[in-house]
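Sequential numbering from 0 applies to the sequence shown in numbering that gives the first Met the number 0.
What follows is a single structure, written as C-alpha cells, with notes after it.
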Amino acid sequence: MPNDETFSISVRTAMDQTSPAPQSTVASQHMPGQQVKMSATDLNAYFGKTHALKHVSLQVPANRVLAIIGPSGCGKSTFLRCLNRMHEVAGGTLTGSVTLDGEEVLAYDPVVLRRRVGMVFQKANPFPTMSIFDNVAAGLRLNGVRDKHKLRETVERCLRQAALWDEVKDSLDKSGVSLSGGQQQRLCIARTLAVDPEVVLMDEPASALDPISTAKIEELIYSLKSNYTIVIVTHNMQQAARVSDITAFFYLGELIEVGETKKMFTTPEKKQTEDYITGRFG
Ligand code: ADP
Numbered sequence: 000m001p002n003d004e005t006f007s008i009s010v011r012t013a014m015d016q017t018s019p020a021p022q023s024t025v026a027s028q029h030m031p032g033q034q035v036k037m038s039a040t041d042l043n044a045y046f047g048k049t050h051a052l053k054h055v056s057l058q059v060p061a062n063r064v065l066a067i068i069g070p071s072g073c074g075k076s077t078f079l080r081c082l083n084r085m086h087e088v089a090g091g092t093l094t095g096s097v098t099l100d101g102e103e104v105l106a107y108d109p110v111v112l113r114r115r116v117g118m119v120f121q122k123a124n125p126f127p128t129m130s131i132f133d134n135v136a137a138g139l140r141l142n143g144v145r146d147k148h149k150l151r152e153t154v155e156r157c158l159r160q161a162a163l164w165d166e167v168k169d170s171l172d173k174s175g176v177s178l179s180g181g182q183q184q185r186l187c188i189a190r191t192l193a194v195d196p197e198v199v200l201m202d203e204p205a206s207a208l209d210p211i212s213t214a215k216i217e218e219l220i221y222s223l224k225s226n227y228t229i230v231i232v233t234h235n236m237q238q239a240a241r242v243s244d245i246t247a248f249f250y251l252g253e254l255i256e257v258g259e260t261k262k263m264f265t266t267p268e269k270k271q272t273e274d275y276i277t278g279r280f281g
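Here it is in C-alpha cells:
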C-alpha cells in the first residue's frame, strides 16, 4: 500500500545549486491528500564520470500518471532506471535515496523490486520463440505458477487490460513476433501486468509506433492508472499533455520544474520550461 505522506514536490534550479541551503527551493507544490508511491531524494546518477542526474528530488504519486519530459540526453531514462535498479544493470552508480512505499529500493531484492516496479521499453521486445500466450504467462511461470486455469485466467485478464484480447483471442498459439509493432507493444504491456506490478515504468512506449497504435497505447495508459502508478518518459509533449496528471521537466540532468500537467503546459513557472514546451529548443 502507498504510504500516507502528503504529496509534495520541491525543485531546485540550476542556479539554486550554488546556494548552500536546501531552503532555496524556488518552486514547490503541495497536493494534499495524494499518496506517495515512490520518492527520489537528492538523487545523483553517474555513468563513470558522466553526471547524468543531478540532485533530483521527485515524488511519484500513487495511481497517477507522471510524465517525464525533456530534450534527448537530459536524464529521463536514467531517472526511470533508478526507480527499479536497472541503472545498476546499465553499468551506472548513484547516490541519494529512492524509496518504494517508504522503503529504500536498495533494500529490496532486485527481482522482487522489478516484479513490483515493472518496465515497458521503447522497442517492443516479445520473447521471439514464444507464443502470444506464453509471452504473457512467462513471468507467472518464472514465479512458479503451474495451475493451467490460473494461467489462462491471468493471460486473458492482462490481454484485455492491454486492449489486445479481441485481436488475438483466436490466435494465442501464434508467435508473439508475428504481431504488428503496435500489437507487440501491447503484448509487452500485458506481459508486464501479468505479474501484478504496482508501478509501471514506460520508456517512450509509443515512439516507434504509427498514430493509431499510439492512440491505443495512450488510451491504455489512461485507463490503467486506477490500478497502477505509472511513470512515462516521452519526448512527445502532446502525448505528455494527453496522458499524464503530473509532468516533470528535466534539462541537462536536473529537474527544472514539476507540477500538474495542465498548469505545466499553460502557465509554467520557469522560463526554461516555457522555452522547451513552446519549441524554442529541444
Ligand atoms: P534521455 O533519456 O533524456 O535521452 P539518458 O538518461 O539516456 O537521457 O542519458 C543521460 C546521460 O547519460 C546522457 O549524457 C547519456 O549520454 C548518458 N548515458 C546514458 N546511458 C549511458 C550508458 N549506458 N553509458 C554511458 N553514458 C550513458
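Heads up, the beta-carbon is just placed ideally off N, CA and C, and yes, glycines get one too.
All values derive from a computational prediction rather than experimental measurement.
Kindly indicate which residue of the options has the alpha-carbon position closest to the one of residue i.
i       : options                            : result
Cys-187 : Leu-223, Asp-209, Phe-126          : Phe-126
Leu-192 : His-50, Glu-102, Ala-207, Gly-138  : Gly-138
Leu-93  : Arg-185, Ala-247, Lys-53           : Lys-53
Met-37  : Ser-177, Arg-159, Asn-62           : Asn-62
Ile-220 : Leu-208, Arg-185, Asn-235, Pro-210 : Arg-185
Gly-95  : Val-104, Gln-33, Leu-171           : Val-104
Leu-57  : Lys-215, Val-257, Asp-100          : Val-257
Ala-207 : Thr-228, Asn-235, Asn-226          : Asn-235
Ala-136 : Asn-83, Tyr-275, Gly-175, Glu-273  : Gly-175
Val-88  : Arg-113, Arg-279, Val-194, Gly-143 : Arg-113
Thr-128 : Asp-100, Glu-166, Ser-177          : Ser-177
Val-111 : Gly-72, Pro-196, Lys-48            : Pro-196
Val-35  : Met-85, Glu-102, Arg-84            : Glu-102
Asn-83  : Leu-99, Gly-74, Gln-238, Lys-215   : Leu-99
Asp-209 : Met-85, Asp-169, Ser-179           : Ser-179
Ala-239 : Ile-211, His-148, Met-263          : Met-263
Check whether the Cβ atoms of residue i and residue j lie closer than 8 Å to each other.
i       : j       : result
Thr-233 : Ile-131 : no
Pro-70  : Gly-281 : yes
Gly-287 : His-50  : No answer is possible for residue 287: it lies beyond the span of the chain, which begins at 0 and ends at 281.
Leu-65  : Ala-247 : yes
Ser-243 : Thr-260 : yes
Arg-140 : Val-198 : no
Gln-33  : Ala-123 : no
Leu-42  : Met-118 : no
Thr-322 : Val-59  : With the chain covering 0 to 281 only, the question about residue 322 has no answer from this structure.
Ala-189 : Leu-150 : no
Ala-161 : Val-97  : no
Asn-142 : Val-194 : yes
Please look up how many angstroms separate the CB atoms of residue i and residue j, rounded, as I've assumed it's under 8 Å.
i       : j       : result
Trp-164 : Glu-152 : Actually they do not touch by this definition, with Cβ atoms about 12 Å apart.
Ala-106 : Cys-81  : Contact doesn't hold; Cβ gap of about 15 Å is too wide.
Residues in its own chain within less than 7 Å of residue i by CB, not counting five upstream and five downstream?
i       : result
Thr-277 : none
Lys-173 : Ser-130, Ile-131
Arg-241 : Glu-217
Ser-225 : Asn-62
Gln-271 : Tyr-250, Ile-255
Glu-166 : Gln-182
His-86  : Ala-44, Thr-77, Arg-80, Leu-93
Let's see if you can read the secondary structure: which residues bound the beta strand (DSSP E) around residue i?
i       : result
Asp-202 : 198-202
Pro-60  : 49-60
Ser-206 : Premise fails: Ser-206 is in no beta strand (DSSP E) and is neither H nor E.
Leu-163 : Per DSSP, Leu-163 belongs to no beta strand (DSSP E) and is neither H nor E.
Phe-248 : 245-250
Ser-76  : Here Ser-76 belongs to no beta strand (DSSP E); instead the alpha helix (DSSP H) covers 75-82.
Leu-112 : No beta strand (DSSP E) contains Leu-112, which is instead part of the alpha helix (DSSP H) from 109-115.
Phe-46  : 35-46
Thr-94  : 92-99
Thr-228 : 228-232
Within its chain, find whatever has a CB closer than 6 Å to the CB of residue i; leave out the 5 residues flanking it on each side and keep chain order.
i       : result
Phe-46  : Gly-91
Lys-269 : Ile-255, Glu-256
Asp-202 : Ser-76, Leu-79, Phe-120, Gln-121, Val-232
Glu-273 : Pro-267
Arg-279 : none
Gly-74  : Ala-51, Leu-52, Phe-249, Gly-252
Tyr-275 : Gly-281
Leu-171 : Ile-131, Phe-132
Can you give me the start and stop residues for the alpha helix (DSSP H) that residue i sits inside?
i       : result
Tyr-275 : 270-276
Ala-66  : Run containing Ala-66: none in the alpha helix (DSSP H); it sits in the beta strand (DSSP E), 64-68.
Asp-133 : 131-141
Gly-180 : 180-192
Can you determine whether any heavy atom of the ligand NAP sits closer than 7 Å to the C-beta of residue i, and answer yes or no?
i       : result
Gly-281 : The model on display carries the ligand ADP but not the ligand NAP.
For residue i, I'd like the list of residues in its chain whose CB is within less than 8 Å of its CB, leaving aside the five on either flank, ordered along the chain.
i       : result
Lys-215 : Ala-162, Gly-181, Arg-185
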